[in-house]
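Asker: Residues in the sequence shown are numbered consecutively from 1, following our numbering.
Before we start, here is the structure in question, set down as structure tokens.
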Amino acid sequence: MSDNKNQSRKGTPDFQLLILTLLLVGFGLVMVFSSSSSISIVNSKFNNDAMYFTKKQLMFGGLGLISMFVTMNIPYARYKKLFVPVFIVTLIMLLLVPYIGTNVNGARSWFGVGSFGIQPSELAKITIVLYLAALISKKGERFRDLRTGYIPVMMIVGFVAGLIMLQPDFGSCLILVATAGLVIFAGGANLKHILGSIGLLILGASIVLGAQFLFEKLSGAEASHNYKAGRIQAYLDPLHDPQGVSYNLVQSLIAIGHGGAAGTGFGQSIQKLHYLPNPYNDFIFSVIGEEFGFIGTFLFLLFYIYFIWRGILVSVRCPDTFGTLVGVGIMGLIAIQAFINIGGVTNTIPITGVTLPFISYGGSSLMVMMASMGIVLSISRQASVPVPQERTKSVVVKQATIPDRPRKRTYTR
Numbered sequence: 001m002s003d004n005k006n007q008s009r010k011g012t013p014d015f016q017l018l019i020l021t022l023l024l025v026g027f028g029l030v031m032v033f034s035s036s037s038s039i040s041i042v043n044s045k046f047n048n049d050a051m052y053f054t055k056k057q058l059m060f061g062g063l064g065l066i067s068m069f070v071t072m073n074i075p076y077a078r079y080k081k082l083f084v085p086v087f088i089v090t091l092i093m094l095l096l097v098p099y100i101g102t103n104v105n106g107a108r109s110w111f112g113v114g115s116f117g118i119q120p121s122e123l124a125k126i127t128i129v130l131y132l133a134a135l136i137s138k139k140g141e142r143f144r145d146l147r148t149g150y151i152p153v154m155m156i157v158g159f160v161a162g163l164i165m166l167q168p169d170f171g172s173c174l175i176l177v178a179t180a181g182l183v184i185f186a187g188g189a190n191l192k193h194i195l196g197s198i199g200l201l202i203l204g205a206s207i208v209l210g211a212q213f214l215f216e217k218l219s220g221a222e223a224s225h226n227y228k229a230g231r232i233q234a235y236l237d238p239l240h241d242p243q244g245v246s247y248n249l250v251q252s253l254i255a256i257g258h259g260g261a262a263g264t265g266f267g268q269s270i271q272k273l274h275y276l277p278n279p280y281n282d283f284i285f286s287v288i289g290e291e292f293g294f295i296g297t298f299l300f301l302l303f304y305i306y307f308i309w310r311g312i313l314v315s316v317r318c319p320d321t322f323g324t325l326v327g328v329g330i331m332g333l334i335a336i337q338a339f340i341n342i343g344g345v346t347n348t349i350p351i352t353g354v355t356l357p358f359i360s361y362g363g364s365s366l367m368v369m370m371a372s373m374g375i376v377l378s379i380s381r382q383a384s385v386p387v388p389q390e391r392t393k394s395v396v397v398k399q400a401t402i403p404d405r406p407r408k409r410t411y412t413r
């Protein structure tokens, strides 16, 4: 009874984490303007408006701010049930988007609504975190059992990942699987089961890619294979085809190298002038590297790492398993996606084409990320609630009265 009363009480949110989130969003707005203004001002498609992308990102940020404050004021324990209808809607959207979605860069990952777009895979990332946290906290020690605990969870994760691959969107699929693995590991899954899943995942991916390669060879449709193989080739040897499959990566590396130690200065990037593809989106970190140099980029990464560390610290202070797993999963999602974006544009890993959370242009990504941070802030409110001291009734124990023993009489002579 005292636990329910404690969960209904609201503490203060972690203002440090709130301010860090708002600063990241603000810096993202500044960088979206810097990286997009030179493109939009000369293009009639964007109304020759230097603020075209910045205005839209500002609107997305406003909607994200509203969603963040809404989710922040909902006690996080309620998400155990609230995520169910959202998860069902997400699954329906994932089932429909490969057939009726808008084709963008060879993938049907979007639902076009006027000049805006909704990306179901962004919503799937957070709903899978809530699903896993709710299921693991409910099963408790039974989750470590392979048949009744682990396999049903992995079947759901595999099903959602498969729907995302139908679009196809390998980057979002990789982020979702890695985030799910982090939540499952934090939930106390057997390490042997996790290693076995990784082995099956690699084997399954090899079989699927091999079958796809064979089909494309037999049917003569080799474009998809060449595109995927080209990214691997660009990663292994960026100068192999600098005007072809390696073009994006080469331009990104030139931008980062041009920044040097101190950078060219805000707004002074050269590579964003129609050299870098989508400099306001996937390659926005390259513009940061060019304009702020190694020193500015290093400080930005330190800020980002501290933001993630703060979110994890808030999460592990949560009094129950569900809140901890949700917070760790959300902050892990942000960290994994940031690593894949930055790793791709710096040639640390092959390019997969994902956004940099809170920084890159993109309405679906920004709003979902800000709503997710609202959940983490809701967790921080519960963690700040002082634990009520149990009142103990004073019990008066009456000592049994022992009759005085007769004293021995002493006689003196």
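Ideal placement from N, C-alpha and C gives every residue a C-beta, glycine not left out.
1. At the level of alpha carbons, what is the spacing between residue 305 and residue 280?
2. Does residue 359 come out as helix, strand or coil in the three-state DSSP assignment?
3. If you run the structure through DSSP and keep just helix, strand and coil, what is residue 449?
4. Ends of the alpha helix (DSSP H) at residue 80?
5. Our contact map puts residue 347 next to residue 168 with C-beta atoms below 8 angstroms; I'd like the distance itself, whole angstroms only.
6. Are the stretch 345–359 and the stretch 184–194 touching, with three or more C-beta to C-beta distances below 8 angstroms?
7. Is there contact here, the stretch 69–83 with the stretch 370–381, by at least three beta-carbon pairs under 8 angstroms?
8. What would DSSP say about residue 270, mapped onto helix, strand or coil?
9. Does DSSP classify residue 392 as helix, strand or coil?
10. Does the pairing of the stretch 274–289 with the stretch 24–40 give three or more beta-carbon distances under 8 angstroms?
11. Could you give the DSSP three-state label for residue 41: helix, strand or coil?
12. Could you tell me the distance, in whole angstroms, from the CA atom of residue 341 to the CA atom of residue 263?
13. In chain order, what residues of the same chain have a beta carbon less than 6 angstroms from the beta carbon of residue 159, not counting five sequence neighbours either side?
14. Give me the Cα-Cα distance between residue 100 and residue 50, rounded to the nearest whole angstrom.
15. Which residues in the same chain have their Cβ closer than 7 angstroms to the Cβ of residue 265, if we skip the five residues on either side of it in sequence?
16. Should the stretch 11–18 be called in touch with the stretch 310–322, which here means at least 3 C-beta pairs below 8 angstroms?
17. Closer than 7 angstroms by C-beta to residue 344: which residues in its own chain qualify, once you throw out the five before and the five after it? Chain order, please.
Answerer: Short version:
1. 22 angstroms
2. coil
3. The shown model of the chain, from 1 to 413, leaves out residue 449, and the question about it has no answer.
4. 79–100
5. 23 angstroms between Cβ atoms; not a contact.
6. Pairwise C-beta distances place the stretch 345–359 out of contact with the stretch 184–194, as fewer than three of them are shorter than 8 angstroms.
7. Remark: three or more beta-carbon pairs, one from each stretch, lie closer than 8 angstroms, so the stretch 69–83 and the stretch 370–381 are flagged as touching.
8. coil
9. Because the pLDDT at residue 392 is just 43, under 50, the model does not fix this residue reliably, and the point stays unresolved.
10. These segments touch.
11. Coil at residue 41, not helix or strand.
12. 21 angstroms
13. none
14. In this structure, the alpha-carbon of residue 100 lies about 32 angstroms from that of residue 50.
15. 291
16. yes
17. These residues qualify, in order along the chain: 350, 351 and 352.
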